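Student: Starting off with a structure, shown below.
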Amino acid sequence: MNTGFEVWENNLPAHWFGSASSIPETSVYQSTEAHSGVSSCRLVRTQKTHVRFSSAPLELNTGFYKLSYYAKGSGCIRNSFYNGSSYAAYSDYDTLNNQQEWKKKVYEFELKKDAGVQLLFSLCLTDTIGLFVDDVLFESVAADLNQARDCSPLIWTAQGMLGLQLTQMQSLVIYDMLGRIVYKNLVQGTVSIALPRGLYLVKTADQSNPVKLYIP
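Its first residue numbered 0, the sequence shown is counted upward by one per residue in numbering that gives the first Met the number 0.
In structure tokens:
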């Protein structure tokens with residue numbers, strides 16, 4: 000998987016920059032500022048709108064997984080995954096402000112069906128130097144039956160449409176950016192909801208924090 004970003008081919012890290020990547024190739028750099036080894040990956044996105052940097056597809060079985068890595072620099076970074084047809088809900092942004100020391104980050108998720116998964120790093124609002132990422136560790140973990148887990152739904156958007164996939168019945172509330180409820184219902188399975196273009200906050204009963212998203 001080239002977890003330490005030591006191998007580069009055609010100015011991109013080997014086994015990275017999957018099809019879910021939306022960051023320009025010219026904004027991905029090899030850096031000698033490494034957490035370990037001799038190189039790391041430097042990502043630049045100065046704009047407010049986010050871009051994705053993804054791994055090559057990993058064939059995974061149903062289960063629980065943990066992604067950990069080290070980051071430093073300036074900018075906002077979060078994680079998710081792409082299962083070949085839809086994007087999972089993103090974790091909360093972590094804002095690094097000229098972070099000089101390497102900071103360990105951890106993202107855990109549940110994969111509900113076998114799939115070719117691309118691990119996603121979403122970033123925005125970096126400075127011109129950007130964010131550094133190194134020493135990625137990805138592993139399967141045993142489910143802790145005594146600990147409640149965040150059963151985040153798969154969420155995707157299309158023109159005038161929000162789609163969700165939920166494995167269990169739960170409440171769904173959608174707010175506009177003025178805090179007004181525009182949708183509230185008990186839902187289960189695959190759900191499609193028509194919404195006007197704009198920004199929304201989506202909250203399910205199993206999510207600790209609402210997800211902010213844009214409907215095109």
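Backbone N, C-alpha and C fix where the C-beta goes; we use that ideal spot for every residue, glycine too. Keep in mind that this is a model prediction, so the values were computed, not measured.
Quick one: residues in its chain with C-beta nearer than 8 Å to the C-beta of Val181, no 5 flanking neighbours on either side, listed in chain order?
Tutor: Ile173, Tyr174, Asp175, Leu194 and Tyr199
Student: Is Thr189 helix, strand or coil by DSSP?
Tutor: strand
Student: Report, in whole angstroms, the separation of the C-beta atoms of Val132 and Leu42, which I expect to be a contact under 8 Å.
Tutor: 7 Å
Student: In angstroms, rounded to a whole number, what distance separates the CA positions of Phe4 and His14?
Tutor: 9 Å
Student: Which residues in the same chain have their Cβ closer than 7 Å to the Cβ of Thr48, if we skip the five residues on either side of it in sequence?
Tutor: Cys123
Student: Considering Asn78, what are the terminal residues of the beta strand (DSSP E) in which it resides?
Tutor: Gly62 to Tyr81
Student: Please state whether DSSP places Ser21 in a helix, a strand or coil.
Tutor: coil
Student: In terms of alpha-carbon separation, which member of Trp155, Ser90 and Ser53 lies closest to Gly115?
Tutor: Ser53
Student: Contact defined as beta carbons within less than 8 Å: I believe Leu130 pairs with Ala33. What is the distance between those atoms, to the nearest angstrom?
Tutor: Not a contact, Cβ separation roughly 14 Å.
Student: Helix, strand or coil for Ser35 per DSSP?
Tutor: coil
Student: So what's Ser54 in DSSP terms, helix, strand or just coil?
Tutor: strand
Student: As a quick exercise: from Ser121, Tyr86, Ser85 and Glu138, pick the residue whose alpha carbon is nearest that of Ile22.
Tutor: Ser121
Student: I'd like the list of long-range same chain contacts for Gly162, defined as Cβ closer than 6 Å, with 5 residues on each side in sequence excluded.
Tutor: Trp155 and Ser191
Student: Please determine, among Asn60, Trp101, Leu136 and Leu119, the residue with the shortest C-alpha to C-alpha distance to Lys112.
Tutor: Asn60
Student: DSSP three-state label for Cys150, please.
Tutor: Here the model assigns Cys150 a pLDDT of 46, short of 50, so the residue's position is not dependable and the matter cannot be decided.
Student: Is it buried or exposed, Gly17, if we count other Cβ atoms within 10 angstroms and call 16 or more buried?
Tutor: buried
Student: Where do the ends of the beta strand (DSSP E) carrying Met168 lie?
Tutor: Met160 to Asp175
Student: Just verifying my parser: in three-state terms, what is the DSSP assignment at Ser26?
Tutor: If DSSP states are grouped into helix, strand and coil, Ser26 belongs with the helices.
Student: Give the range of the beta strand (DSSP E) segment to which Gln98 is assigned.
Tutor: Asp93 to Leu110
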